[in-house]
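Heads up: the structure comes next, in C-alpha cells.
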Amino acid sequence: MLQTITASHKSLTPVIAPGPAKVLFTSREIDFPEPVLMERYVCEPGERVEAQLDAYVVSMHLARSTVFEQRTPLGRFRNIVKSEGAITLFPAGRITEVKVKGAAEFAYCAFAPEYMREVMEEEFSGRSIPLHIRTNLHDIRLRQLFERLIALLQSGSPCGRLYVDSLTHELAIRSLELHAERASAYREKISALPPYAFRRVAEMLGDNLHARIRLGDLASLCGYSRAHFLRMFQVTTGVTPYEYHMQMRIHHAMTLLTSSTSPLIDIAAACGFSSQSHLASVFRKRIGTTPSEFRRQL
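One point on numbering: in the working numbering, the residue at position 221 of the sequence shown is 943, and numbering is uninterrupted.
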C-alpha cells in the first residue's frame, strides 16, 4: 500500500526527492501561509519509490545538467536530462519511480489541494483544469517567482506576509496556466478596482505601514476573492499590493527624514522595517542613496 503524504507534513522532501536528500531550508521555520510548504534540498544519486501525494507540488531544478531515469506508463525507464531552472508540476495523486545518476539540488513549493481548488475557482471562473504531471518545463515567470521565494526562504525572515502571500498565490496561478492549453479562455476580463474600493485599500495600507497585512485582508475589505482582487489592483495601479505598500513606506520614510530629527532606527520602525540596516538597504535600491546621505543633502 502506498504511503499518503500531504502538504501538512513536516517535510515532503523524503518523498519527492529522487535520491537520499538533505533539507537546506524550510518554510516551516518562518512565516509562510499555512496551506503552503516550501523547501530547498540537495540529494545524492539514488531512487524515488512510488507514493501517493495529497498535495500539489511545483518543483525547480537548481543544479547544472543532471541525468534522471523516469519510469514510463509502460513500466520502462527512459533518460531525461534536466538543466538549471527546469520545472516539474506534480498534481495530487501517484508519483512514480525516478532515479537520479548524479548529485542534484531542488526547491519545491507544495500546496494543499483545497488551496489549489480555491485558486482554480477564483482565477479560472470555476472551470476544472485537467492536471497531470509535467516535467522539464522552462518558464521565465515561474523561475522569477521561485527565485524570489528562495531568497526569502534563505533569509530566514520574510519581509512581509503580504509579499509572501502574493508570491505563492502567483506561483499557484502560473502553474495552473501551464496546465491550461488556453488559459485566457478560462479567465474573465479584469477591470480596475472601483474608486471607493481602492480608497479603502489605500487607507488600510497607509494606516498599517508598520504592520503585517495579508492579501486576504485586503481582498475581504473589498468583497473580492484574493486572485480577483490581486489582478484588479494591478490593473488599477500597475503594481502588486506589496509593491504599492513598499512605495508608501519609502515615501513616509522620506517625509520623516525631511521633517524630523528622529534617529534612523526610530524611522525604520515607524515605516515597518525590521532594522535600520533593512531600511538603508531598501532605501538605497529604490532612491539611489542611503537615508543618512538623503538627510545630509537636504
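Using N, Cα and C, we set each Cβ at its ideal position, and we do this for glycine too.
The stretch 939–959 / the stretch 978–998 touching (three or more Cβ pairs under 8 Å)
no
Less than 7 Å between C-beta atoms, sequence neighbours within five positions excluded: which residues of the same chain meet that for TYR946?
MET954
Where VAL961 sits in the DSSP three-state scheme:
coil
Using the Cα positions of ALA808 and ARG883, report the straight-line distance between them to the nearest angstrom.
27 Å
Starting from ALA914, follow the alpha helix (DSSP H) in both directions and report where the run begins and ends.
Looking at the DSSP string, ALA914 is not in any alpha helix (DSSP H), and its letter there is neither H nor E.
Segments assigned alpha helix (DSSP H), at least 4 residues, entirely inside the stretch 925–964:
937–944 and 948–959
Cβ neighbours of ASP939 in the same chain (closer than 6 Å, five flanking residues each side left out):
none
Can the beta-carbon of LEU875 be found less than 8 Å from the beta-carbon of ARG762?
yes
On the DSSP letters alone, give me the boundaries of the alpha helix (DSSP H) that GLU845 sits inside.
835–845
Let me know if ILE817 comes out buried or exposed under the rule of 16 or more other beta-carbons within 10 Å of its beta-carbon.
buried
Considering only heavy atoms of the ligand HEM, does any lie closer than 7 Å to the CB of GLY928?
By its list of ligands, the structure shown contains no ligand whatsoever, and the ligand HEM lies outside what it can speak to.
Who pairs with GLU761 in a beta bridge, going by DSSP?
THR748 and TYR830
Integer-rounded CB distance, given that ALA814 should sit under 8 Å from LEU775
6 Å
By how many angstroms is the C-alpha of GLU1015 removed from the C-alpha of PHE1005?
11 Å
Between the beta-carbon of SER897 and the beta-carbon of LEU978, is there less than 8 Å?
no
Secondary structure at PHE1016, three-state DSSP: helix, strand or coil?
helix
Would you decide whether TYR918 is buried or exposed? Buried here means 16 or more other CB atoms lie within 10 Å of its CB.
exposed
Sub-8 Å separation of GLY824 and PRO767 beta-carbons:
yes
Determine the contact status of MET760 and ARG865, defining contact as a CB-CB distance below 8 Å.
no
For ARG936, which residues from the same chain have a beta carbon less than 8 Å from its beta carbon, with the 5 sequence-adjacent residues on both sides left out?
ARG883, LEU884 and ASP887
Please state the DSSP three-state secondary structure of GLU806.
coil
Thinking C-beta only, is GLU843 closer than 8 Å to ILE895?
no
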